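>
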Amino acid sequence: MGFLQNLTGWHALIVLAVILLFFGAAKLPSLARSVGQSARILKDEVSADTDTRTDTRTDTRTDTPAA
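Reading the sequence shown from the start, the letters are residues 694 to 760 in the working numbering.
1. Under 8 angstroms between the Cβ atoms of residue 716 and residue 709?
2. Alpha helix (DSSP H) containing residue 702: first to last residue?
3. In angstroms with no decimal places, state the Cα-to-Cα distance between residue 719 and residue 731.
4. With DSSP run on the structure shown, which of helix, strand or coil describes residue 732?
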């Protein structure tokens with residue numbers, strides 16, 4: 694992962710230009726929409742998993758006085 698520390702703004706522009714050449718301008722909106730939808734699904738699943746974990750950790754015992 695050391696190679697990611699040396700990336701600059703120029704590298705990002707070059708990567709975007711390559712993506713534009715590879716996919717073409719017509720497919721970029723659908724590609725961006727698809728990536729956004731996938732990110733939304735992932736976020737929803739992670740939050741649902743977190744909610745499930747907190748529900749199973751709650752204390753369900755009832756405190757009844759000893760007779």
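All C-beta atoms, glycine included, are put in the ideal place defined by N, C-alpha and C.
Computed from a predicted model, the values in this text were never measured in an experiment.
Quick look at the numbers:
1. Numbered from 1 along the sequence shown, position 23 holds the residue referred to as residue 716. Numbered from 1 along the sequence shown, position 16 holds the residue referred to as residue 709. Not closer than 8 angstroms, so no.
2. Here residue 702 is taken as the residue at index 9 of the sequence shown, counted from 1. For residue 702, the enclosing alpha helix (DSSP H) begins and ends at 702-716.
3. In the sequence shown, counting from the first residue as 1, residue 719 sits at position 26. In the sequence shown, counting from the first residue as 1, residue 731 sits at position 38. Computed Cα separation, rounded: 20 angstroms.
4. Locating residue 732 in the sequence shown gives position 39, counting from the first residue. DSSP places residue 732 in helix when its eight states are reduced to three.
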